[in-house]
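Visitor: The sequence shown runs contiguously to residue 101 in this note's numbering.
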Amino acid sequence: MIRIDTLKRCGTTLTIELVGYIHREEFAILYDFLKSQAEEGITEVCIVANDVRALNPLLGREATRLAQLGLRLRFQQLPRHLKYTLEYWGTEAWIDDE
């Protein structure tokens, strides 16, 4: 189960927090949510993910669909093992350690 909390929206930037496990079904929910935000004019999404427990490794190919939305994604506060997962998928540009 995943929970998506909107922390703030400022212009074309949206900051959300993800909590839980991201498997195929939860990824579909996240994808649909981000797609609707892109349709509303959001161009950048900051994802605070310190409470994400797991990313299903089968989602690697699916994760690239997020890039097709035209959004700039920035993951913050990722646990170390999830950083390695994003790097393995070739999406390390999404990691924002600032």
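No residue lacks a Cβ here, since even glycine has one placed at the ideal position from N, Cα and C.
On a Cα-Cα basis, can you pick out the residue from Val-55, Ala-66, Pro-82 that is closest to Tyr-24?
Guide: The residue given as residue 24 occupies position 21 in the sequence shown. The residue with the shortest Cα to Cα distance from Tyr-24 is Val-55.
Visitor: May I ask you to list the residues that DSSP assigns as paired with Asp-54?
Guide: By one-based count along the sequence shown, residue 54 stands at place 51. Val-22.
Visitor: For a test of the three-state rule: what should DSSP assign to Ile-45, helix, strand or coil?
Guide: Indexing the sequence shown from 1 puts residue 45 at position 42. It is coil, neither helix nor strand.
Visitor: Within the continuous beta strand (DSSP E) that includes Leu-76, where are the two ends?
Guide: Indexing the sequence shown from 1 puts residue 76 at position 73. Note, Leu-76: beta strand (DSSP E), 75-79.
Visitor: Name the residue from Leu-85, Asn-53, Gly-44 whose alpha carbon lies nearest to the alpha carbon of Arg-6.
Guide: One-based indexing of the sequence shown puts residue 6 at position 3. Minimum Cα distance to Arg-6 is reached at Asn-53.
Visitor: For Ile-45 versus Leu-10, is the C-beta distance shorter than 7 Å?
Guide: As a position in the sequence shown, residue 45 is number 42, starting the count at 1. As a position in the sequence shown, residue 10 is number 7, starting the count at 1. Against a cut-off of 7 Å, the Cβ pair of Leu-10 and Ile-45 comes out as no contact.
Visitor: Would a check of beta-carbon distances place Glu-47 closer than 7 Å to chain C?
Guide: Absent here is chain C; the protein component of the structure consists of one chain.
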